[in-house]
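Okay, so here's the structure we're looking at.
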């Protein structure tokens with residue numbers, strides 16, 4: 044599991060053979076230790092975390108974790124809580140997404156460095172930033188983002204620097220500072236390139252596409268959309284693809300290609316409906332309504 048979280052997910056997410064081999068190895072190791080780790084659920088789901096989130100197996104993740112005892116067994120507990128929270132966030136269940144944040148970081152932004160396993164802690168901090176941005180609480184988003192950056196600085200970690208700059212970019216965008224948002228997104232792109240981190244890279248390209256579309260740089264936006272879609276496909280990540288398709292729809296509408304824009308938004312819905320990704324479905328519906336008015 045550590046290998047999947049620390050290496051495969053961030054750095055090898057586009058290597059399908061490597062992903063499959065590590066999942067098989069993790070499942071075999073978990074099965075051999077089943078006496079010590081009786082999870083009461085599918086060893087495949089637990090042993091392969093966090094890949095089922097990437098694959099779009101969200102219902103299986105939720106059912107396996109909720110029905111089993113993965114949340115009672117270390118080292119699975121914290122990691123399972125993180126993935127469950129990711130699914131809840133993507134499906135629009137903010138209360139369920141906040142639950143592990145409050146449980147594992149009970150002192151909130153005052154939580155001391157080293158008081159909890161680092162990986163799950165910073166993933167939940169990142170989630171807290173996103174949850175606060177979702178509800179337009181910029182003060183709390185800033186506080187959690189500062190905490191996230193502080194923990195990364197203390198750790199000396201190279202990984203997650205791209206995610207930190209992406210969060211900083213999203214925060215700047217939410218405050219209306221598009222130029223700062225673009226600067227941070229470009230910095231995220233640089234961090235995600237050395238070493239290559241496909242998921243962070245596709246997110247950086249997507250955010251730059253959004254920013255370039257908003258400021259009329261449609262040619263640049265198109266390049267970023269193409270890069271992001273190629274990476275989403277390489278990683279076999281349907282939800283990431285849907286998010287990028289929505290950015291592409293905005294780009295096509297801005298460029299006067301309404302029929303293409305509507306088709307892209309419809310593709311977003313096709314991907315997100317079986318995932319139960321309610322917030323993204325709502326965004327797609329809102330886009331289609333706006334496009335209908337814009338195009339007459």
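Residue numbers (the working numbering): 44 to 339.
Using N, Cα and C, we set each Cβ at its ideal position, and we do this for glycine too.
Next on the checklist: Using a Cβ-Cβ cutoff of less than 7 Å, which residues in the same chain neighbour residue 126 once the five nearest sequence positions on both sides are dropped?
Outcome noted: 92, 93, 96 and 104
Checklist entry - Given that a residue counts as buried once 16 or more other Cβ atoms are within 10 Å of its Cβ, and exposed if not, what is residue 338? => result With fewer than 16 neighbouring CB atoms inside 10 Å of its own CB, residue 338 falls in the exposed class.
Checklist entry - For residue 80, is the classification buried or exposed, using 16 other Cβ atoms within 10 angstroms of its Cβ as the cut-off for buried? => result Because the pLDDT of residue 80 is 49, which lies under 50, any placement of that residue in the model is unreliable, and the question is left without a value.
Checklist entry - Just to confirm, are residue 281 and residue 157 a CB contact at a threshold of 8 Å? => result no
Checklist entry - Would residue 306 be called buried (16 or more neighbouring beta carbons within 10 Å of its own) or exposed? => result exposed
Checklist entry - Is the beta carbon of residue 165 sitting closer than 8 Å to the one on residue 203? => result Taking 8 Å as the Cβ cut-off, residue 165 and residue 203 qualify as a contacting pair.
Checklist entry - When we look at the beta-carbon of residue 336 and count the other beta-carbons within 10 Å, is it buried (16 or more) or exposed? => result exposed
Item to check | Local conformation of residue 236 per DSSP, three classes | outcome: helix
Item to check | Anticipated Cβ contact below 8 Å, residue 143 with residue 128, distance rounded | outcome: 5 Å
Next on the checklist: Applying the 10 Å Cβ sphere with the 16-neighbour rule, what's the burial state of residue 309?
Outcome noted: exposed
Item to check | Per-residue DSSP class, three states only, for residue 201 | outcome: Three-state result, residue 201: coil.
Checklist entry - To which residues of the same chain is residue 298 closer than 6 Å at the C-beta, ignoring the five residues directly before and after it? => result 261
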